[in-house]
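What follows is a set of notes on a single structure, which appears directly below.
Chains as they are written, first to last, in this note's numbering: chain A, 67 to 522; chain B, 67 to 522.
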């Protein structure tokens, strides 16, 4: 009998062709492009891999696809693995910055270039193709389910409703999250959690119209008010000054610190690559401690008055800021909003409005769960190098509702076929074909081990 | 013989038509729009009023127009009045906030709406039409000169060079400045001085590209740096905190305080009209004391990252602010720039760049000069109400170089055809036709009195 690696290699041409077809179908949620066509295509992909699919569309938004594959005769019918993916992609703009057409899925230099190649069409393809291989070679070792949504890139607004209503349908023993990839040293990075988010919009309004700036002698300026309000919320050395902001942050345990410090982080490389002009704000501490365990408060946008060429002497009628707070487990976005409001009021900034544009809680799997260890073990085997496990992704996603409705003890690990320069959300998004192949092998090996119960 | 008022009324239709044509020609110095076409139009307007024009363009920037009209046979050839105007206007943006097209010069409800109608095309038209009336009715009572520049709205960077080179050409016994208008009580306001300006551009730069905001845990954010730097420069109660900023501000004398307190200022009316949401920042003090005698520091613009609809999770690569400091006599813009730089350095903001986009010193005429009194007397006659004289305009302009090159004892008074809601620099700029007519009469009466020597 051929090895799993040989079987994966034999499947590769079909897998590539499937992915190209999938990527050539635009599916931009923010622009309402191609959603129905993409749903039909995904349903067909599920069927071709030997599964059944249900299109759920009764809780609003773009449809959620439920897919199901049963354990084979020699499989374990009492164990279920859930995959989370999304079929929507980021807008391709700015299109003129792409070297190859964003929906062309052209192959150049061993890479497939397409919007969605890495985020998140490559990973769905990898998983379905891995299932097809297992089906054709002795049957599935466990039950497999998929939740494939169509609004991830716009913040998954409808997903919690579907998870709530269809919790029984999606129930599983473990979950593989949507994405992942290799770092610059070629080591695959997995994460077992995700940060939350409280995205705030602040407005300060002064007069009904922009005024001549000579009025600055007597008229209060909303741009100054906003600047002072923001400055009151974070110190020059980057401590968040909002009362109670850190209350729910769990103290770092020795285990957490050890994990962070054992994880590679090349500060000089990062600074050189991004062209950073200033030192990192974590001082001498290991950056992982901050990326993983610290909440943030980031000004994402500022706007007031005139910002074009040269000078215009106006006293702006209004000023706005967009502020993104990345949250850690136990922080609640609504509570953070309330604390920011209280802070503004306490410091006299009752005239500064604040609203929450979106909020998601953080999620972190039990790092010692046998499933987490199994994902790592099979990754080591598939990739031939030591994978890296982080307790949390720096990014955000709807992981918390999975826990909320399917069980807060659900072990969730994210892994995928991307690479360090996959450029998700940017022009020239790509995956590398050898990574795609290894990710498929990883999924075959992982599912193959799920014949045995992952819980004692 | 008809009265001057009748002659002005007869001239009004021509004057309006001339102004409409002039306003329909865009002339935005900041955007390099329409400068050559506007120069040609102004030269033509001068010739039609019976004068000669020279286009001076050998000192850089947009051309300066010198216009000359000689005293008639019964006039005083030994006395010269100089008018200062500018043919450039502020950018019309935001265009979608205009009720009528900014370069349409449409008449609605007795008002002419156009960018530049009040600032400063209306006043040039008023003055040339007044001259035309005098020419046609006995000749000019004195020599008249004009300096009409094309860079006032971008801070008159080239004007001093022209004034220096052509000082002999522009020499005069008195000067009428570009603008003015009626207050809310219908009283024309004149000013005998002007505030200076130090307009600053601040930049703070982080990475080479916008980053995913998850990097906020470790990467320093130029938007936060800029906010903190700005907040360090002005207190929440609007005191400027830059060391030495107030050093050269002259103490208020009892005469200055008396003048300010005798000058009307209706705070409630102002707040209601502008829709101000906050109290004035001068507390219980008379606002005139601040508008006339206090320097300011105003944020005119702020920009960083994403400011469109909804949320985008970016850590901006750069942030900018535009800050306008209005100066009082004896303050030097270059010195203010140096003090701001020193402040930023002292507070650790060496990464915040600051440059001066334009700088001008303040100017204040001798309030007891006979010319100042003559302008007031003829205004009373033309408007039929008591005019108001302020020692300084809240706005800025290049008055100081006029003094520097033509004599620091040159009496300069500003008066014009605007009204309290003319919205110079804002959408829906307008003048009212009855004001336009009265301003023309005022200029006729003033020039008519300049047959007699204004100095002992």
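Quick reminder that beta carbons are idealized off the backbone N, C-alpha and C, glycines included. Source: prediction; values computed, not measured.
- Counting only residues of its own chain and dropping the five nearest sequence neighbours on each side, residue 447/B has a CB closer than 6 Å to the CB of 511.
- With fewer than 16 other Cβ atoms from the protein chains shown falling within 10 Å of its own Cβ, residue 165/B counts as exposed.
- When the Cα atoms are used, residue 285/A and residue 185/B turn out to be separated by approximately 22 Å.
- The beta-carbon distance between residue 211/B and residue 133/B, rounded to whole angstroms, is 7 Å. This is short enough to meet the 8 Å contact definition.
- In this structure residue 259/A touches residue 457/A by the C-beta definition: roughly 5 Å separates them, less than 8 Å.
- Residue pairing by DSSP leaves residue 324/B without any beta bridge partner.
- Taking a contact as a CB-CB distance under 8 Å, the pair residue 169/B and residue 89/B counts as one, their CB atoms being some 7 Å apart.
- In the DSSP annotation of this structure, residue 124/B is not part of any alpha helix (DSSP H), being labelled neither H nor E.
- Closer than 7 Å to the CB of residue 278/A there is at least one CB belonging to chain B.
- In the displayed model, residue 163/A falls within a helix according to three-state DSSP.
- Residue burial annotation: residue 118/B is exposed, with fewer than 16 other C-beta atoms found within 10 angstroms of its C-beta.
- When DSSP reads this structure, residue 480/A sits in a beta bridge with 243/A, 257/A.
- One alpha carbon belongs to residue 68/B, the other to residue 199/B, and they sit about 12 Å apart.
- By the rule that beta-carbons nearer than 7 Å mark a contact, residue 235/A does not touch chain B.
- Within chain B, the C-beta atoms nearer than 8 Å to that of residue 373/A come from 367, 368, 369, 386, 388, in chain order.
- When 7 Å is used as the limit between beta carbons, residue 425/B is near no residue of chain A, the shortest such separation being about 11 Å.
- Under the Cβ criterion of 7 Å, residue 312/B is not counted among the residues facing chain A.
- In the structure shown, residue 134/B falls within a strand segment according to DSSP collapsed to helix, strand and coil.
- Between residue 153/B and residue 216/B, the C-beta gap is smaller than 7 Å, which places the two residues in contact.
- Per DSSP, the beta-bridge partners of residue 269/B are 386/B, 419/B.
- In summary, the residues of the region 289-316 of chain B whose CB is separated from some CB of chain A by less than 7 Å are 289, 290, 293, 294, 296, 297, 300, 302, in the order they occur in the chain.
- Comparing C-alpha distances from residue 367/B to each of 349/B, 436/B, 391/B shows the shortest one belongs to 391/B.
- The secondary-structure analysis by DSSP pairs residue 181/B with nothing; it has no beta-bridge partner.
- Any Cβ of chain B closer than 7 Å to the Cβ of residue 265/A would place that residue at the interface, and such an atom is present.
- Residue state for residue 153/A is assigned as coil, using DSSP reduced to three classes.
- If you check the CB distance, residue 292/B and residue 408/B do not come in under 7 Å.
- Not a single CB atom of chain A sits nearer than 7 Å to the CB of residue 181/B.
- For residue 380/A, the chain B residues whose Cβ falls inside 8 Å of its Cβ are 366, 367, 491, 492, in order along the chain.
- If you look at residue 503/B, you'll find it in the alpha helix (DSSP H) that goes 499-514.
- Per DSSP, residue 213/B is one residue of the beta strand (DSSP E) stretching across 208-215.
- Scanning the region 280-308 of chain B for uninterrupted beta strand (DSSP E) segments of 3 residues or longer gives nothing; none is fully contained.
- In this structure residue 196/A touches residue 513/A by the C-beta definition: roughly 7 Å separates them, less than 8 Å.
- Spatial neighbours of residue 435/B in its own chain (CB-CB distance under 7 Å, excluding positions within 5 residues in sequence) are listed in chain order as 477.
- The alpha-carbon separation between residue 126/B and residue 224/B amounts to approximately 6 Å.
- Per DSSP, residue 172/B is one residue of the beta strand (DSSP E) stretching across 172-174.
- Fewer than three beta-carbon pairs drawn from the region 491-499 of chain B and the region 301-310 of chain A are found closer than 8 Å, and the two stretches are therefore not classed as touching.
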